[in-house]
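A short worksheet on the structure shown next.
Number of protein chains: 2
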Amino acid sequence: MKAEIIAVGTEILLGQIVNTNATFIAQELAKLGIEVYHQSVVGDNGGRLAQSLSIAEKRSDLIVLCGGLGPTPDDLTKQVTAKHVGETLVQNPIGQEKLRHFFEKRNTAMTENNLLQTLVFQNGEALQNPTGLAIGIFYTDRETKSHYLLLPGPPKELIPMFQQHVVPLLQERFPQKEKLYSRVLRFYGIGESRLVTELADLIEQQVNPTIASYAKQNEVTLRLTVKTAQEPVGQRLLDQLEEIILKRVGQFFYGYGEENSLAKVVVQRLKANDKRVTVAESLTGGHVQAMLSAIPGVSSVFPGGFVTYSAQTKSDFLQIPMDLLETYGTVSQECVEAMAAQSLKLAQTDYSLAFTGVAGPDSLEGQEVGTVWIALATKNQGVVSHCYHFESHREGIQASAVMAGLGMLYQALEK
Amino acid sequence: MKAEIIAVGTEILLGQIVNTNATFIAQELAKLGIEVYHQSVVGDNGGRLAQSLSIAEKRSDLIVLCGGLGPTPDDLTKQVTAKHVGETLVQNPIGQEKLRHFFEKRNTAMTENNLLQTLVFQNGEALQNPTGLAIGIFYTDRETKSHYLLLPGPPKELIPMFQQHVVPLLQERFPQKEKLYSRVLRFYGIGESRLVTELADLIEQQVNPTIASYAKQNEVTLRLTVKTAQEPVGQRLLDQLEEIILKRVGQFFYGYGEENSLAKVVVQRLKANDKRVTVAESLTGGHVQAMLSAIPGVSSVFPGGFVTYSAQTKSDFLQIPMDLLETYGTVSQECVEAMAAQSLKLAQTDYSLAFTGVAGPDSLEGQEVGTVWIALATKNQGVVSHCYHFESHREGIQASAVMAGLGMLYQALEK
């Protein structure tokens with residue numbers, strides 16, 4: 001089955017918003033084993049949309065349209081598609097009822113144009129909208145055998161409608177023998193180009209599973225994707241490939257999954273080890289603690305920490321002698337180790353991570369932009385520290401420092 | 001002049017990466033007054049790419065292709081386009097020299113396939129790549145009068161090539177009488193739906209300039225866009241529209257520009273007022289300080305602050321009596337005001353912002369998820385505090401609290 005996605009909306013065409021709907025729909029269709037051969041974007045223009053439909057029906061079995069189901073005059077998708085396939089638009093009673101209720105609850109009069117949202121094809125199937133008012137449509141053209149899906153444009157409406165109504169419908173109507181199964185491996189402390197070089201022969205030779213690499217903010221992920229009619233066979237193939245990959249670059253691997261992060265894995269390990277950490281940040285200015293505190297349930301392993309951006313606060317908050325700061329400077333091994341040791345003492349935790357350095361744009365105390373000292377203090381075991389030189393802009397230097405520090409703690413924690 | 005954008009790459013088609021190149025190119029073309037009528041995505045497949053070119057040349061004057069200029073066998077864009085327009089591929093000497101130098105510097109042998117990157121059309125113009133190895137191409141088909149631009153896929157190569165080479169070329173070859181001029185207005189403390197409701201009549205009636213709203217993380221932006229042959233006239237129209245808008249919703253307006261933020265404006269005001277701020281964060285766990293410290297030059301107004309996630313650190317770091325925390329709880333007016341007052345004292349700043357509350361997922365001390373207390377302490381002027389109830393998930397509650405706190409400080413600072 002060949003599918004294509006047509007996003008309707010002048011704001012996408014002009015580059016005012018990114019077409020994330022196409023990405024989402026493509027991913028979902030891939031999971032169902034339905035292959036997408038084309039994506040396109042057309043503005044809120046009836047004539048050009050009709051032309052796009054003519055092109056699409058010649059080359060695709062399933063045409064997924066998103067956008068243009070709303071109540072304003074530039075929402076044309078239903079009207080143009082209905083005309084194209086020779087359908088009549090009728091009101092969907094469930095949608096209409098919901099619409100009435102919506103306005104009643106708000107005590108405002110419903111203007112007539114709102115009823116455009118609840119129109120469906122006479123011979124089509126209505127797709128209810130769990131989070132909005134515009135009703136979606138599934139329709140099969142008996143003549144051309146083309147299937148049409150009309151979905152709302154706002155992602156917060158499109159995604160729930162797709163997951164709740166479209167996925168079951170497509171699974172039932174178009175069961176595919178072969179489906180895609182993916183596994184995401186996450187790496188830190190290695191750049192994408194080096195990772196890809198280490199795996200070059202595998203990436204080139206592999207057909208099923210395939211390997212794709214993605215550079216994220218200071219980490220790299222590999223997506224292994226297998227196409228198979230039998231999931232257990234696919235999982236075994238993924239296991240085998242993963243083993244080969246980890247033999248080569250396993251020292252940089254830290255976890256699985258698209259939604260994972262080094263901070264999450266560190267928090268998991270802290271919990272499993274029943275240990276707590278504090279943080280003293282200079283150049284990272286709160287980024288490490290913000291990343292930790294974004295994780296639900298972090299309070300059992302992270303009681304708090306310090307942002308000591310200036311020399312004065314390093315002295316006042318952490319009780320580091322001004323003498324030390326003046327003698328060695330704030331971007332120094334002596335300073336970062338004192339930050340770690342003092343914050344450990346003040347917060348009474350098992351670990352402390354400390355960061356000092358030059359995020360730029362200006363150099364500091366004669367030290368180059370990108371110079372970063374990171375220290376890890378461990379209760380009853382002293383302090384270790386490393387000096388890094390990150391070549392990046394301010395944001396990149398801060399992010400690299402965060403990852404390097406979390407990496408130090410990750411390595412120190414038992415699995 | 002009608003333009004269209006064709007992104008080439010199976011990874012976009014499968015939804016593995018988002019097509020941000022199309023967004024970027026569309027924005028740039030709009031600025032030049034070149035209208036984009038179609039965008040499409042096609043995989044690394046010669047046949048389907050050729051079909052896409054046939055469709056494009058019938059409807060567009062300028063066809064911008066991106067992706068598929070690399071050295072691997074699935075990089076086909078140059079070969080397929082050359083065949084389509086009847087061009088011969090030849091080596092670009094400058095590109096070839098750069099390629100040789102690249103491999104020499106790394107002391108590695110250059111494999112033959114790398115030379116695919118430096119191929120250009122015999123009768124085309126080479127576009128040098130400031131940050132990579134693949135050479136771009138501009139070509140005009142004398143027969144069909146169609147213009148072709150072939151650009152690399154990685155954004156870090158495409159963007160510099162576009163800005164340095166493509167913009168001047170398009171400006172010279174295709175000067176457009178009318179160009180688009182945009183102005184972005186930023187608002188906080190008002191939801192998109194309310195903002196749009198307040199301006200509904202304007203949004204509906206306005207044709208030139210147009211008004212478009214975008215919901216960002218806890219703020220809303222309005223983009224006013226005018227199309228004009230005379231920039232001063234356009235700017236005057238934007239001024240007039242802005243005045244009308246700000247008469248209605250000016251109390252929520254804080255600044256201009258796509259790259260602006262409330263944190264940036266707050267830092268600017270602190271600098272202009274010659275004032276400094278510290279922060280004591282509980283539920284926001286470092287997010288406020290991370291946002292401030294992301295801004296270059298923040299050190300003159302932000303010496304540092306505290307993350308006091310637990311009751312113990314509130315007591316230890318900020319010297320808040322445990323009595324007070326036990327009597328009133330950590331999610332209380334008493335606690336947040338003590339946090340603000342104590343951190344102001346310890347950091348010796350002019351202002352302190354303090355945050356405490358329940359980010360969830362679990363409730364805390366019998367307080368509902370989303371309950372947030374924020375206090376602003378001002379040197380010699382005492383402490384004010386507000387209680388908020390944010391309905392969102394953990395990340396949304398933290399972000400809402402950050403914006404509300406920055407808003408309090410913004411209001412307190414003189415323009």
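So the protein sequences, as listed, match chains A and B.
Yeah, the first sequence ends on 415 if you go by UniProt numbering, and it's all consecutive.
Yeah, the second sequence ends on 415 if you go by UniProt numbering, and it's all consecutive.
Using N, Cα and C, we set each Cβ at its ideal position, and we do this for glycine too.
Can you list, in chain order, the residues of its chain whose CB lies under 6 Å from that of residue i, leaving out five sequence neighbours each side?
i	result
residue 349 of chain A	276, 277 and 278
residue 95 of chain B	118 and 135
residue 398 of chain A	284, 287 and 359
residue 110 of chain A	103
residue 172 of chain B	none
residue 269 of chain B	413
residue 144 of chain A	57
residue 33 of chain B	176, 178 and 179
residue 89 of chain A	82 and 119
residue 137 of chain B	120, 121, 124 and 150
Residues in its own chain within less than 7 Å of residue i by CB, not counting five upstream and five downstream?
i	result
residue 52 of chain B	6, 40 and 42
residue 50 of chain A	80 and 84
How far does the beta strand (DSSP E) with residue i in it extend, from its first residue to its last?
i	result
residue 336 of chain A	Here residue 336 of chain A belongs to no beta strand (DSSP E); instead the alpha helix (DSSP H) covers 333-347.
residue 385 of chain A	382-389
Buried or exposed for residue i, going by 16 or more other Cβ atoms inside 10 Å?
i	result
residue 244 of chain B	exposed
residue 97 of chain B	exposed
residue 256 of chain B	exposed
residue 342 of chain A	buried
residue 193 of chain A	exposed
residue 248 of chain A	exposed
residue 403 of chain A	buried
residue 122 of chain A	exposed
residue 208 of chain A	exposed
residue 47 of chain B	exposed
residue 258 of chain B	exposed
residue 281 of chain A	buried
residue 124 of chain B	buried
residue 233 of chain A	exposed
residue 380 of chain B	exposed
residue 352 of chain A	buried
residue 168 of chain A	exposed
Starting from residue i, trace the alpha helix (DSSP H) in both directions and tell me its first and last residue.
i	result
residue 309 of chain A	Segment: none, residue 309 of chain A is in no alpha helix (DSSP H) and carries neither H nor E.
residue 369 of chain B	It is not in any alpha helix (DSSP H) - residue 369 of chain B carries neither H nor E in the DSSP assignment.
residue 91 of chain B	Run containing residue 91 of chain B: none in the alpha helix (DSSP H); it sits in the beta strand (DSSP E), 89-91.
residue 21 of chain B	20-31
residue 397 of chain A	394-412
residue 72 of chain B	From DSSP, residue 72 of chain B is part of no alpha helix (DSSP H); its letter is neither H nor E.
residue 271 of chain B	262-273
residue 258 of chain B	Careful: residue 258 of chain B lies outside any alpha helix (DSSP H) and carries neither H nor E.
residue 330 of chain B	That residue, residue 330 of chain B, is in no alpha helix (DSSP H); it is neither H nor E in DSSP.
residue 11 of chain B	10-13
Along chain E, in chain order, which residues have C-beta atoms closer than 9 Å to that of residue i?
i	result
residue 259 of chain B	The chain inventory of the structure shown lacks chain E, comprising the protein chains A and B.
Bridge partners for residue i per DSSP, in chain order?
i	result
residue 355 of chain B	B:281 and B:374
residue 38 of chain A	A:4 and B:42
residue 188 of chain A	A:219
residue 64 of chain B	B:5 and B:149
residue 297 of chain B	Answer by DSSP bridge pairing: none, since residue 297 of chain B is not bridged.
residue 304 of chain B	A:308
residue 181 of chain A	A:226
residue 364 of chain B	B:367
The ligand PLP heavy atoms versus the CB of residue i: any closer than 7 Å?
i	result
residue 362 of chain A	By its list of ligands, the structure shown contains no ligand whatsoever, and the ligand PLP lies outside what it can speak to.
So, at 8 Å on beta carbons, what are the nonlocal neighbours of residue i in its own chain, with the 5 sequence-adjacent residues on each side left out?
i	result
residue 9 of chain B	17, 41, 43, 44, 67, 68 and 153
residue 322 of chain B	311 and 315
residue 156 of chain A	131 and 132
Whole beta strand (DSSP E) elements within the stretch 99-168 of chain A, 3-residue minimum: 119-121, 125-127, 136-140 and 147-151
Unbroken stretches of the beta strand (DSSP E), 3 residues or longer, contained in the stretch 201-252 of chain A: 210-216 and 219-228
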